[in-house]
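*Asks:* Numbering (my numbering), first residue to last: 318 to 843. Backbone N, C-alpha and C fix where the C-beta goes; we use that ideal spot for every residue, glycine too.
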């Protein structure tokens, strides 16, 4: 059970960090780490690592060096981009588009940027800001005024490409450019020649001086890791700095793509704990992104059971995205206990790529595996079509898998059709699960506050009415309707909790009335 839980944690980490899939990319596109091997300006042997569009991805040529001639004209490039978008396999599609937009930027960065924005080529991709920064870097280096003029038409894009533009702007114009891009004041202060110089001389000290959550931090750390990965990452994981743990994992992932065995050895030697699990997962995941067979061999040879389960799961997350059938075939040959330890990352990754196929595949699994795999798939489907997700969930034979699937889909349904979702939850076949489903549905009424009174009125007479009403009373839009509902709650504990919530609202909107209300309901001073 312990290793199984760790595998689940690993999968959750992968979702959040983008090692598996970015939350904004429900279709399971390739993570931003794929961009980490683009050479940085002035460092032909070093990749430049991007973060949220705030660190530049400069031209692959050195400053002042002309880009290589391209045999393609703009019309040819646009036509090829159109063709590449029809490629079904996500990795191949995004690789093709990345290469084409890089070529486009070298030929005509202004046209490339305009095409990328106006055609919405990046809506589905977590690489959005990385590619926009590639184009913006070239444009800023070649025609800064032209880029700034274009940005005036799209002011909300300024903060996404600020790092790329500022790093290619002359020092004398950085303040002017910062204003034109609409970036915050701290950006003006930290993106200076002194900072850039100090980052090379003493990156550890530079990281400590940057503001919390500064996107510049990731770029400074990336340059450091590029020069001396083992020493840099050892310092980074041991010291206080402004890097998020997931950013550290991305750095490890990028290193492992270049030097997989060295990155794995380093990760294995880190002190045991939750942090080590993340680092190991990132290292083996980076290896798997370029060599899944070598990575899976290394993962299965790890001596520690927990580390082995984490590593195998991380490899499968990458392998499924490159060749799902080969990865699933390898998974199916595992012993039952090993399959159960890795089902979470396998199912989660596959479900994000093809949820319908995941449901079909999962029917051949053991009941224990189905209870993990099918809810992942149903949850993915529910993001696009919650009613279809519910229908698929109802067809699941295993009751526990069915209950978990419905529970995962009801929230998405409630966001789109709250009253219908609530009515379904009230009548769900598993009586023991009804109250939880009702609560899940009501929690998504925050965007439909005008319907909350009607929703709660429909629940009067249910055994759980007092419980859900005492919590959901907060989301009723009108104060008078809150007070009217309060009188319908019979349980003393629930009524007291609801009265406190109403009082807190009244305390700020109508202090005089709040004092009387507090006395009536015996509410202590809050």
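Taking the alpha-carbon positions, what's the residue 715 to residue 764 distance?
*Replies:* 33 Å
*Asks:* Would residue 662 be called buried (16 or more neighbouring beta carbons within 10 Å of its own) or exposed?
*Replies:* buried
*Asks:* Quick check for students: name the residue ranges of the alpha helix (DSSP H) that lie wholly in the region 709-762, counting only runs of 4 or more.
*Replies:* Secondary structure within the region 709-762: the alpha helix (DSSP H) runs of 4 or more consecutive residues, fully enclosed, are 716-733, 735-743, 748-760 (chain order).
*Asks:* Below 6 Å CB to CB, which residues in the same chain sit around residue 675 once its five sequence neighbours on both sides are set aside?
*Replies:* Within its own chain, the residues whose Cβ lies closer than 6 Å to the Cβ of residue 675, once the five positions on either side in sequence are excluded, are 667, 668, 694, listed in chain order.
*Asks:* Hey, how far is the Cα of residue 785 from the Cα of residue 816?
*Replies:* 14 Å
*Asks:* Comparing C-alpha positions only, which one of 551, 617, 605, 620 sits nearest to residue 588?
*Replies:* 551
*Asks:* Measure the C-alpha to C-alpha separation of residue 276 and residue 536 and round it to an integer number of angstroms.
*Replies:* Residue 276 lies beyond the stretch modelled for the chain, which goes from 318 to 843, so this question has no answer here.
*Asks:* Quick one: grab the DSSP three-state call for residue 653.
*Replies:* helix
*Asks:* Leaving out five residues on either side along the sequence, give the residues of the same chain with a beta carbon under 8 Å from the beta carbon of residue 646.
*Replies:* none
*Asks:* Pick from 705, 421, 819: whose alpha carbon is nearest that of residue 393?
*Replies:* Closest option to residue 393, Cα to Cα, is 421.
*Asks:* When the distance is taken between beta carbons, is residue 727 closer than 8 Å to residue 690?
*Replies:* Taking 8 Å as the Cβ cut-off, residue 690 and residue 727 do not qualify as a contacting pair.
*Asks:* Let me confirm a value: residue 678 is counted as buried when at least 16 other C-beta atoms fall within 10 Å, else exposed. Which label applies?
*Replies:* With 16 or more other Cβ atoms within 10 Å, it is buried.
*Asks:* For residue 562, name the three-state secondary structure that DSSP assigns.
*Replies:* The three-state reading of DSSP puts residue 562 in helix, counting H, G and I together.
*Asks:* Report the CB separation of residue 743 from residue 755 in whole angstroms; it is logged as a contact under 8 Å.
*Replies:* At roughly 6 Å, the Cβ-Cβ gap stays under 8 Å, so residue 743 and residue 755 are in contact.
*Asks:* Distance check for residue 593 and residue 617, CA to CA, integer angstroms please.
*Replies:* Whole-angstrom Cα-Cα distance: 18 Å.
*Asks:* Any idea what DSSP makes of residue 777, helix, strand or coil?
*Replies:* coil
*Asks:* Taking its Cβ as the centre, do 16 or more other Cβ atoms sit within 10 Å of residue 664, making it buried, or is it exposed?
*Replies:* Burial call: buried.
*Asks:* Just to confirm, is the Cβ distance from residue 297 to residue 672 under 8 Å?
*Replies:* Given a span of 318 to 843 for the chain in the structure shown, any question on residue 297 remains unanswerable.
*Asks:* Find out if the Cβ-Cβ distance for the pair residue 631, residue 615 is shorter than 8 Å.
*Replies:* No; because the gap between Cβ atoms is not below 8 Å, this pair is not in contact.
*Asks:* By Cβ distance below 6 Å, which residues in the same chain neighbour residue 465 in space, the five residues on each side in sequence not counted?
*Replies:* 497
*Asks:* In whole angstroms, give me the CA-to-CA distance for residue 311 and residue 426.
*Replies:* Outside the displayed range of the chain (318 to 843) lies residue 311, so it cannot be described from this structure.
*Asks:* Is residue 425 helix, strand or coil by DSSP?
*Replies:* Residue 425: coil per DSSP, three-state reduction.
*Asks:* In angstroms with no decimal places, state the Cα-to-Cα distance between residue 701 and residue 586.
*Replies:* 43 Å
*Asks:* Does the separation of the CB atoms of residue 721 and residue 688 fall below 8 Å?
*Replies:* yes
*Asks:* Can the beta-carbon of residue 736 be found closer than 8 Å to that of residue 768?
*Replies:* Against a cut-off of 8 Å, the Cβ pair of residue 768 and residue 736 comes out as a contact.
*Asks:* The alpha helix (DSSP H) that contains residue 557, what's its start and end?
*Replies:* Note, residue 557: premise wrong, no alpha helix (DSSP H); not H, not E.
*Asks:* Please go through the same chain and pick out, in chain order, the residues whose beta-carbon is closer than 7 Å to the beta-carbon of residue 619, but skip the five residues on each side of it.
*Replies:* 625, 628
*Asks:* With 16 as the cutoff for other CB atoms within 10 Å, does residue 832 come out buried or exposed?
*Replies:* exposed
*Asks:* For residue 650 and residue 670, I'd like the C-alpha separation in whole angstroms.
*Replies:* 22 Å
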